[in-house]
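**Q**
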Amino acid sequence: MQQKSEKKATGPRRRRRRNRLRTCRTDERTMAQGGISGGKLFITAVYLVAMCRAVPVNDLLDRASQRSDKMHSLSTLLTQDMDSHFPPYGRMQMPRPADCHTSGLLTPNDKEQALQVSESDLMSLARSLLRGWVDPLAVLSTNAITLPHPAKSSISSKIQELQEHSKSLADGLDILSSKMGPAAQAISILPYTGGTDLGQDRVTILNKFNFLLSCLRRDSHKIDSFLKVLRCRAAKLQPELC
Amino acid sequence: YSPPGKPTNINCRSPEKETFTCWWQPGSDGGLPTTYALYYRKEGSEKVFECPDYKTAGKNSCFFSKNVTSIWVNYNITVVATNSMGSTFSNPVDVDVVYIVKPNPPEEVIVNVTEDKDWPFLQVSWKPPKMADTRSGWITLIYEVRLKLENENKWEELSAGQRKNFKIYSLRSGGTYDVQVRCKPDHGFWSEWSPSTRVKVSEYLPRERSMWILIVVFAVFILFISIWMIYMNFHSVKHYLLPPVPGPKIKGIDKQLLKSGKSEDIFSSLVVSNFPPTTSNYEDFLVQYLEVYIPEERELIMDEGKDLQDDGFKTENSTCDNDSGRGSCDSHTLLIDKGGGDKEDGQQSDQEGSQAEADTKSHEEALEDELLACSHENAQIPNISNEKEKVKSCPSLFSPLPQYSLSPVNQPNKPKTGKQHCLSDSLFTPNSLSSYFTQPDPSNTKGFRSNYWECSLDHKQSHLFHPQRAAHEALQAQNDLNAAYVDYMEAPMDVHALNVRPTEYVEVQRVSDEDVVLLHPVPPSHENSCNVSHQTEDYSRVRMVNNNNGLLLLQRDAIEEEKNMCPYEEEMVSRATSTGCRASITPTLQNSATGINTALPILDEMAGSGYVDTATMFGLPTY
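See the structure below:
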């Protein structure tokens, strides 16, 4: 496995040179779409321009992992907001998390399995999950406004923020995956079939909302874990981080 | 007895995201021994499993090993308490391992006290808990450090991020600190604090404080020294900063006297006793010398610079005519004729005479200020037309001569020497002398000021006693010029003699206290030799000028000797002495005419025709 990973490590490097220019542009786009403030954008742009030909992967991974970390934190807060006013017993009637629309994606279940996954696969998994949540997030966002919940404003803002992070992370991962080879760029489609309408009654809506949020929490954690594993694998020069 | 109570508080924790442990709190046991069993069910499966390990984690716990642990899987855990009466199920709990991560505290916490240039700081370093796999990135830990002084209760918490070392500054000198570290996974629970590490910071004196101490000591030292120095030189410093104002001091005036307010004393003190000088010690005032002025071409006596005389003068033929009135070479007439062309002749004769005179002129001391006076006079000779020449002559001893010089007489134009003697021949301003010699011209208010004068007779030549101090006396017009001359007593005789001997001299015998100059006519001897000798010797030195500006002429011893040689002269001398040529030589200032006035009466008596003829004065037959 290690040899395989080493092989794969050399591959992306060669391809990296070819895709350097594209990377630069996509990098800038990512940063622009990330919603960074004007100053940060400028600095980032300058940095990118200066380092366009030598943006280190580990640095990109670090940024991606930070964004994913933020996403997971937001989702955790969302569930907490939901639980503050949603009695726990109601959750028992909820569909189990195994019913998440992303459960079809095979992900490692323990550490050994996770560490054996190649970087490209890890990246692919992360990207697939991320892609799979674009639609549900939109549904959640629309339903959060009319959510019969006292903390719906907070929930709504968090969901919007989640959407932004998700988008910027997706762009960043696209750039990263382009440096990692075609295997990393393969995405599994995880369609969401829940529909835009969460339900008619309050309980249904809340239950469904809650369910979606729990699925989101797990998937965001997966993404974050995968990226952090990738980050530590790429940061051979910075052992202090890992 | 009852069935056991429901176990509660099931909480599970995973230290490394690989295993986890659940604890529960058992309820009442119902009085019967109760056993607890934990059952769990994974999501997506209905299979129920029982806790594999009840012992590892202690009592009322269940430890899930790696084999049975799955992540991203919900565990539905239920604890069942069972006793003989029955069993009680606890509430199920859903657990996802990834959400319950609580690592162990960091290990190997090392705190170093680093002495960095008197500013010590703590260096804390640690290691992640062994079980947490941070190398692979499975777990990402962030750390936190806290410290407190051993005596205090409040901890200061500092976030260290993902680093495994930390520096703490701003420590208290000599303090003892307790340091602890804990960690937390990115999405998990904080670990427990590591065991406290105690460290002592050594005592240190802030360099800043020691420097300030040095500065203060130094400044105090300098202050002391400066104060001491000022104290030692207090007076000079005070004198420098506040210089004393000079008080008024007038010699002879006593300030206290002024303050006393006695006017008599003040005024008396103002009046200097010895001013103006009242002593008749003429010698003390001999600061000026008379310069006898010879009319026009006449040179004047010089100082004992005989050279001038010798050079310049030769015996001349007197050109005086035989006219009695003019026999004495009345300067007055000369003056009148000055404008005319006769003058030239007269001048010539004068020149000649002067030269001769020079030899016989009484020796006078001449001061350089004569020249000055002369030059002054020269400057003030605008009126006289032909003064130019005379003016020029002034500076030079015998300068006038050249202008007139027609005679072969060597005109000892020796400017150098001449300068010494101002032949202010042009200056018939010998105001002073003329006053008494010639007609007492009322216009001649100016007394002659004679620094030295010579009584010399010359028929044709009038000796102008040129006061040296006539500088500021404006030259008068010709008419005003009074040539004073002393006619030789024995003019008649001299007339003839003059032809032979051009000059006749009057010897100043002495000056009486009444400011009368007693002239002692030098009797001309028929013999030239005698005269010559006389000429050469007949100098009277002005001894002093008395307070009334009278001249005191010294009598030459030589003159007396000469007299002896010439018996005839002696006779004359004796006669002369009897009568004496009286003249008051009063060098007067511009305004003082006292001398003249005093002289005038005398002259008036004698002068009949308006000019003084010594011959008449002395009763000598006049020609």
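So the sequences go chain by chain: V and F. Each number in this note's numbering corresponds to the 1-based position in the first sequence with 1081 added. Each number in this note's numbering corresponds to the 1-based position in the second sequence with 215 added. A virtual CB, placed ideally from N, CA and C, is assigned to each residue, including glycine.
Would V:Ser-1235 pass as a contact of V:Asp-1162 if the rule is Cβ separation under 8 Å?
**A** yes
**Q** V:Ala-1219 touches chain F at which residues, Cβ-Cβ below 9 Å?
**A** Those do not exist, as V:Ala-1219 stays about 24 Å from chain F at its closest Cβ, beyond 9 Å.
**Q** Drop a sphere of 10 angstroms on the beta-carbon of V:Met-1112, count the other beta-carbons inside from all chains shown, and report buried for 16 or more, exposed for fewer.
**A** With a pLDDT of only 48 at V:Met-1112, under 50, the local geometry of the prediction cannot be trusted, and the value read off the model is given with reservation. V:Met-1112 is buried by the Cβ-count criterion.
**Q** Relative to the C-alpha of V:Cys-1323, which candidate in F:Ser-302, F:Asp-401 and F:Tyr-251 has its C-alpha closest?
**A** F:Asp-401
**Q** Per DSSP, which residues does F:Gly-376 bridge with? Please list them.
**A** Paired residue(s): F:Tyr-358.
**Q** Which residues in the same chain as V:Ala-1225 place their Cβ atom closer than 8 Å to its Cβ, once the five residues preceding and following it in sequence are excluded?
**A** Lys-1233, Ile-1236, Ser-1237, Ile-1240 and Phe-1290.
**Q** If you run the structure through DSSP and keep just helix, strand and coil, what is F:Phe-404?
**A** coil
**Q** Give the residues of chain F in contact with V:Cys-1313, contact being defined as C-beta atoms less than 9 Å apart.
**A** Within chain F, the residues near V:Cys-1313 are Thr-349, Arg-350, Ser-351, Gly-352, Trp-353 and Thr-355.
**Q** So which residues on chain V does F:Val-313 lean against when the C-beta distance must stay under 7 Å?
**A** His-1302
**Q** For V:Ser-1295, which of helix, strand or coil comes out of DSSP?
**A** When DSSP states are grouped into helix, strand and coil, V:Ser-1295 belongs to the helix group.
**Q** Which same chain residues end up closer than 7 Å to V:Leu-1243 when comparing Cβ atoms and leaving out the 5 residues on each side of it in sequence?
**A** Met-1152, Leu-1155, Ser-1156 and Leu-1218
**Q** Which runs of the alpha helix (DSSP H) at least 4 residues long sit entirely within the region 1189-1265 of chain V? Give them in chain order.
**A** 1192-1197, 1200-1213, 1215-1226 and 1233-1261
**Q** Considering only the alpha carbon of each residue, which of V:Leu-1122, V:Ser-1209 and V:Thr-1125 lies closest to V:Ile-1304?
**A** V:Ser-1209
**Q** Residue range of the beta strand (DSSP E) that F:Asp-268 falls in?
**A** Per DSSP, F:Asp-268 belongs to no beta strand (DSSP E) and is neither H nor E.
**Q** Buried or exposed, going by whether 16 or more other CB atoms sit within 10 Å of the CB of V:His-1246?
**A** Around the beta carbon of V:His-1246, 16 or more other beta carbons sit within 10 angstroms, so the residue counts as buried.
**Q** Which residue marks the beginning of the alpha helix (DSSP H) containing F:Lys-453, and which one marks its end?
**A** 449-456
**Q** Taking only the alpha-carbon atoms, compute the straight-line gap between F:Cys-266 and F:Cys-277 and give it to the nearest angstrom.
**A** 6 Å
**Q** Which residues in the same chain have their Cβ closer than 7 Å to the Cβ of F:Asn-448, if we skip the five residues on either side of it in sequence?
**A** none
**Q** Around the C-beta of F:Asn-289, are 16 or more other C-beta atoms found within 10 angstroms, so that it is buried, or is it exposed?
**A** buried
**Q** According to DSSP, is V:Ala-1267 helix, strand or coil?
**A** DSSP places V:Ala-1267 in coil when its eight states are reduced to three.
**Q** Classify V:His-1230: buried if its beta carbon has 16 or more other beta carbons within 10 angstroms, exposed otherwise.
**A** buried
**Q** Show which residues of chain V have a CB atom less than 8 Å away from the CB atom of F:Glu-233.
**A** Asp-1191 and Lys-1192
**Q** Classify F:Tyr-334: buried if its beta carbon has 16 or more other beta carbons within 10 angstroms, exposed otherwise.
**A** For the record, residue 334 of chain F in the displayed sequence is Trp; it is not Tyr. It counts as exposed.
**Q** Using a threshold of 8 Å, state whether the C-beta atoms of F:Gly-245 and F:Pro-219 are closer than that.
**A** yes
**Q** Compile a chain-ordered list of the residues in the region 1232-1253 of chain V whose CB is closer than 8 Å to at least one CB of chain F.
**A** none
**Q** Hey, is the region 318-333 of chain F in contact with the region 387-397 of chain F, meaning 3+ C-beta pairs nearer than 8 Å?
**A** Touching, yes.
**Q** Counting C-beta neighbours from all protein chains within 10 Å, is the total for F:Lys-345 16 or more, i.e. buried, or is it exposed?
**A** exposed
**Q** Going along chain V in order, which residues have a C-beta closer than 7 Å to the C-beta of F:Asp-401?
**A** Within chain V, the residues near F:Asp-401 are Asp-1150.
**Q** Based on DSSP bridge pairs, tell me the residues matched to F:Ser-229.
**A** F:Ser-229 is bridged to F:Val-316.
**Q** Start and end of the beta strand (DSSP E) containing F:Ala-296?
**A** 289-297
**Q** How would you write the range of the alpha helix (DSSP H) that F:Thr-250 sits in, first residue to last?
**A** Not the alpha helix (DSSP H): F:Thr-250 falls in the beta strand (DSSP E), residues 250-257.
**Q** Any contact of the region 296-307 of chain F with the region 258-275 of chain F, i.e. 3+ C-beta pairs under 8 Å?
**A** no
**Q** Return yes when at least one heavy atom of the ligand MG lies under 7 Å from the C-beta of F:Leu-253, else no.
**A** Here there are no bound small molecules, and the ligand MG is not part of this structure.
**Q** Return the CA-CA distance between F:Ala-347 and V:Trp-1214, expressed in angstroms with no decimal places.
**A** 30 Å
**Q** Does DSSP put F:Lys-342 in a helix, in a strand, or in coil?
**A** strand
**Q** Using the Cα positions of F:Leu-386 and F:Val-416, report the straight-line distance between them to the nearest angstrom.
**A** 8 Å
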